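Before any comments, here is the structure.
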Amino acid sequence: MAAVLLFSSQVAYGRVGNSAMQFAFERLGAPCIAIPSIFLSNRPDYAATHHRVTDVSVCDGVFRALAANGWIAGVRAVVTGYLPSAEHATLAAEWVREMKQADPSLLYVCDPVIGDEPGGPYIDEAAGRAIRAELLPLADIATPNRFELGWLTGAPVASAESAVDAARALGPATVLATSSPAENNMRLANTLVMTDEAWTATVARRERVPHGTGDFLAAVFTARLLQGYKPQDALALATASMDALISASAGSSELEMVAAQGVWADPMPWPIHEVREPFEQPAALTA
3 MAAVLLFSSQ
13 VAYGRVGNSA
23 MQFAFERLGA
33 PCIAIPSIFL
43 SNRPDYAATH
53 HRVTDVSVCD
63 GVFRALAANG
73 WIAGVRAVVT
83 GYLPSAEHAT
93 LAAEWVREMK
103 QADPSLLYVC
113 DPVIGDEPGG
123 PYIDEAAGRA
133 IRAELLPLAD
143 IATPNRFELG
153 WLTGAPVASA
163 ESAVDAARAL
173 GPATVLATSS
183 PAENNMRLAN
193 TLVMTDEAWT
203 ATVARRERVP
213 HGTGDFLAAV
223 FTARLLQGYK
233 PQDALALATA
243 SMDALISASA
253 GSSELEMVAA
263 QGVWADPMPW
273 PIHEVREPFE
283 QPAALTA
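The number in this note's numbering is simply the position in the sequence shown, starting from 1, with 2 added.
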């Protein structure tokens, strides 16, 4: 029985979207159902690429067939990632609501894949607005990067501290904000913000990092929660896994998830520290 349902992009070559998350989850013992919102030969930054967006009616039909066969009933978590249109976001919201109604304990993780620095948005504004209005209010956890957190809240994210303020405005009870600048921009912070506490793990800033680290981090963090770890301990393990994988992938155009699984799947927990300073909490977002 699958433990996790993924709804994101999928590539034939490489490790981004579902193609990153599924291996990470399954290596950590969480079988997956993966529904592609778009299917690509590879990332668009390669010399040649081909893709086709999965029609919303096809995605809905896949959800319906999975449900009719009884395979959705046992799912413990849903993770949404790259959704190429507002209609895909609306469909995801409909199915998350239905699944949560059937099982209130279902964990919904929204990875709001909107864009990154320095390139900016990957998707059109309507899709981003739909993620903000329809999916974030349903999410138990959100995992935005620095650009996405700023885009969604309208607040600049210039430090781990400002990431805490922005995360509290985002809406979900738990936000894992990734890639915030730390220590005079010499390091990057993964900051876990919950209702009454916040924790930060910092890593070295690297000039060249393969794509897919956000997908990988969201998957490993969620997998550790499903294993029963506390959120802050899941942060420590997920950050350690990510840093180990990035180091093992140095010089590669893709994350070497299979070759390096021996180091990232069983790491020593990364040092984290609690953020104790009081921050002004902005008003929650409105749809």
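All residues carry an ideal CB built from backbone N, CA and C; glycine is no exception. This structure is a prediction, so every number in the text was calculated from the model and none was measured.
| query | result |
| --- | --- |
| C-alpha gap between I40 and S11, whole angstroms | 5 angstroms |
| Inter-stretch contact at 8 angstroms, needing at least 3 Cβ pairs: the region 15-34 / the region 208-217 | yes |
| The region 264-273 contacting the region 241-248, beta-carbon criterion three pairs below 8 angstroms | yes |
| Per DSSP, cross-strand counterpart(s) of C112 | T82, A144 |
| Identity of the residue in E209, E199, H90, E258 nearest D126 by Cα | H90 |
| V159 - DSSP class collapsed to helix/strand/coil | coil |
| Distance between G156 and A285 (C-alpha atoms, nearest Å) | Any reading at A285 needs caution, since the residue's pLDDT is 46, under 50, leaving its predicted position unreliable; the model's value is listed next. Near 12 angstroms, if we compare the C-alpha coordinates of G156 and A285. |
| Sequence ranges, alpha helix (DSSP H) only - wholly within the region 219-273, length at least 4 | 233-250, 263-266 |
| Simplified DSSP state of A97, which is helix, strand or coil | Inspection of the sequence shows that residue 97 is occupied by Trp rather than by Ala. Helix at W97. |
| Assigned exposure category for Q24 - 16 Cβ within 10 Å defines buried | buried |
| Between the CA atoms of P233 and A175 - distance to the nearest angstrom | 12 angstroms |
| Cβ distance (whole Å) where A236 is taken to contact I274 below 8 angstroms | About 10 angstroms separates the two Cβ atoms, so there is no contact after all. |
| Per DSSP, cross-strand counterpart(s) of N71 | Paired residue(s): none; N71 is not in a bridge. |
| Secondary structure of L194, DSSP reduced to three states | strand |
| Identified DSSP bridge partners for L1 | Nothing can be reported for residue 1: it is not among the residues displayed for the chain, which extend from 3 to 289. |
| Spatial distance of P271 from Y231 (CA atoms) | 12 angstroms |
| C-alpha distance - F281 paired with L140, whole-angstrom precision | Confidence at F281 is low in this model, with a pLDDT of 49, below 50, so the placement of that residue should be treated as unreliable; the coordinate-derived value is given next. Rounded to the nearest angstrom, the two C-alpha atoms are 25 angstroms apart. |
| At least 3 beta-carbon pairs within less than 8 angstroms: the region 108-119 vs the region 51-67 | no |
| Sequence-distant residues of the same chain with beta carbon closer than 7 angstroms to P86, five excluded per side | S39, I40, V55, I125, A129 |
| Member of R207, A168, T180, A203 whose CA lies at the smallest distance from the CA of R189 | R207 |
| Where the alpha helix (DSSP H) through S182 begins and ends | Not the alpha helix (DSSP H): S182 falls in the beta strand (DSSP E), residues 176-184. |
| Element boundaries [beta strand (DSSP E), containing A203] | 200-206 |
| Alpha carbon of L247 to alpha carbon of E258, nearest angstrom | 7 angstroms |
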